[in-house]
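>
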C-alpha cells in the first residue's frame, strides 16, 4: 500500500479536524461575521476644530448594499434604530445603497430603502453622497429617493452646519469611478472663514488630492477588503492604492482620512476579520497637534 494511503488510514482524526475547521471558517465568513453588525467608537482630534464642537459625534454609514445576503430591509431598520440610539449629532451616508450581482442577493429598488432610511435622525441632519453602485443603477433615481426621504445629497456641493454659535462645513464629492469629482470647484463654494471642513466622498482614492484646508475626509467604498488574512492582509481592495486606504484612520502630511469598512457586501457575500460596522466618530479639537485616541 502506498505510504500516503497508509497515512490516511492511520490518522483519520486529522482529516476530520481539518474538515471541521474548514467548515467552521466557511460558516464564520459567509454566515456569522457578515450578519453581525458592530458599533465602533473611534475618536479623532483635529487642529482648528472649534471648542464649542468638542465631542461632536458623527454616525458614519457606508456601503449598505441593501439586498445583499444578510442585508434585508428588516436588517436595515435595525441598523437605523441602533444608529439613532447612539444619539449622534450628524449622520452621513457614504454611498452604495443598492447592489449589483452579489451571489445570493436580491435587488431592492432605492425607494423602499430610503423609506427605511428616512427614520434616521440627528440634530445637524442626515447627509449623503452617492457611490458607484448607485450610479451604475440610476444615480438620479437614488438621489431623488434620498431627497424625498428628507436626506440631503451633496455632489460637488457644500452645506454649512451651525451649532453652538460656531460653524463647520460639509463638502460632498461626486463618485470617482462614475462621475467627475471636482475638489477645487467644490471648495471654492466655501468662504475662507477658517471654519473646519469635513469632506464626504464615496471613494477614498481622491484623498491624495484633498488639500490641507480640509480638516477631515470621510470615505467608504473599500469594505475594508471584506477579507483580512493573518500575516497576509487584505488580498483584494478596490483601490489603486492597494491597502493604503483600506480602512480606519489614516494621516498623511497632517491631513486626516477615515475610511469605514461598511455594512453590506459586494460580489462575494463574505467577510473575514472585517466585520460590518456602524461608526460613531467623535471629533475633538487639538491643543498642540493632531492625534487619535
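Numbering (the numbering used here), first residue to last: 1419 to 1711. Beta carbons: idealized from backbone N, C-alpha and C, even for Gly. This one's a predicted model, so the numbers in the text were calculated from it and none came from an experiment.
Could I get the ranges of all uninterrupted beta strand (DSSP E) runs contained in the stretch 1551-1608, with 3 residues as the minimum, in chain order?
Listed in chain order, they are 1575-1581, 1584-1590.
> Buried or exposed for residue 1437, please, with buried defined as at least 16 other CB atoms from any protein chain shown within 10 angstroms of its CB.
Residue numbering aside, residue 1437 sits at position 19 when the chain shown is read from its first letter. By the neighbour-count rule (16 or more Cβ atoms within 10 Å), residue 1437 is not buried but exposed.
> Would you mind sorting residue 1676 into buried or exposed? The rule is 16 or more other CB atoms within 10 Å of its CB.
Residue numbering aside, residue 1676 sits at position 258 when the chain shown is read from its first letter. Counting Cβ neighbours within 10 Å, residue 1676 comes out buried, since at least 16 surround it.
> Could you spell out the range, first to last residue, of the beta strand (DSSP E) harbouring residue 1504?
The residue given as residue 1504 occupies position 86 in the chain shown. Where residue 1504 is concerned, there is no enclosing beta strand (DSSP E), given that its DSSP letter is neither H nor E.
> What residues in its chain sit with their C-beta under 7 angstroms from that of residue 1574, if we drop five residues either side in the sequence?
Position 156 of the chain shown, counted from the start, is the residue given in the question as residue 1574. Closer than 7 angstroms at the Cβ level, and outside the excluded window around residue 1574, lie 1591, 1592, 1599, 1600, 1603, 1604.
> Between residue 1479 and residue 1697, what straight-line distance do the alpha-carbon atoms span, to the nearest angstrom?
Residue 1479 sits at position 61 when you count from the first residue of the chain shown. Residue 1697 sits at position 279 when you count from the first residue of the chain shown. Taking the straight line from one Cα to the other gives about 7 angstroms.
> Below 8 angstroms between beta carbons: does that hold for residue 1681 and residue 1455?
Position 263 of the chain shown, counting from 1, holds the residue named residue 1681. Position 37 of the chain shown, counting from 1, holds the residue named residue 1455. Cβ atoms of residue 1681 and residue 1455: closer than 8 angstroms.
> Per DSSP, what are the beta-bridge partners of residue 1624 in this structure?
One-based indexing of the chain shown puts residue 1624 at position 206. BP columns for residue 1624 are empty, so no partner.
> Using the three-state DSSP reduction, which class does residue 1651 fall into: helix, strand or coil?
What you label residue 1651 is simply residue 233 of the chain shown in a count that begins at 1. DSSP places residue 1651 in strand when its eight states are reduced to three.
> How should residue 1525 be labelled, buried or exposed, when 16 other C-beta atoms within 10 angstroms of its C-beta is the threshold for buried?
The residue given as residue 1525 occupies position 107 in the chain shown. Under this definition residue 1525 is an exposed residue.
> Would you decide whether residue 1489 is buried or exposed? Buried here means 16 or more other CB atoms lie within 10 Å of its CB.
Position 71 of the chain shown, counting from 1, holds the residue named residue 1489. That one is buried.
> Just to confirm, are residue 1667 and residue 1638 a CB contact at a threshold of 8 angstroms?
Within the chain shown, numbered from 1, the residue matching residue 1667 stands at position 249. Within the chain shown, numbered from 1, the residue matching residue 1638 stands at position 220. Cβ distance not < 8 angstroms, so residue 1667 and residue 1638 don't count as in contact.
> Would you list the one or two residues that DSSP bridges to residue 1618?
In the chain shown, residue 1618 corresponds to position 200, counting from 1. DSSP lists 1590, 1636 as partners of residue 1618.
> Measure how close the beta-carbons of residue 1516 and residue 1552 come, nearest whole angstrom, since I'm counting them as under 8 angstroms.
In the chain shown, residue 1516 corresponds to position 98, counting from 1. In the chain shown, residue 1552 corresponds to position 134, counting from 1. About 6 angstroms; that satisfies the 8 angstroms criterion.
> Starting from the C-beta of residue 1464, find all residues in its chain whose C-beta is less than 8 angstroms away, skip the five residues before and the five after it, and write them out in chain order.
To locate residue 1464, count along the chain shown from 1; it is residue 46. Here the set comprises 1614, 1633, 1634, 1674, 1701, 1702, 1703, 1704, 1708.
> Rounded to whole angstroms, what is the Cα-Cα separation between residue 1623 and residue 1658?
Counting from 1 along the chain shown, the entry for residue 1623 is found at position 205. Counting from 1 along the chain shown, the entry for residue 1658 is found at position 240. Distance between the alpha carbons of residue 1623 and residue 1658: 7 angstroms.
> Tell me, which residues are paired with residue 1673 by DSSP?
Walking along the chain shown from the start, residue 1673 turns up at place 255. BP columns for residue 1673 point to 1670.
> Could you please give the first and the last residue of the uninterrupted beta strand (DSSP E) stretch that includes residue 1474?
Walking along the chain shown from the start, residue 1474 turns up at place 56. Segment 1474-1479, the beta strand (DSSP E) holding residue 1474.
> With DSSP run on the structure shown, which of helix, strand or coil describes residue 1511?
Taking the first residue of the chain shown as position 1, residue 1511 is located at position 93. DSSP places residue 1511 in strand when its eight states are reduced to three.
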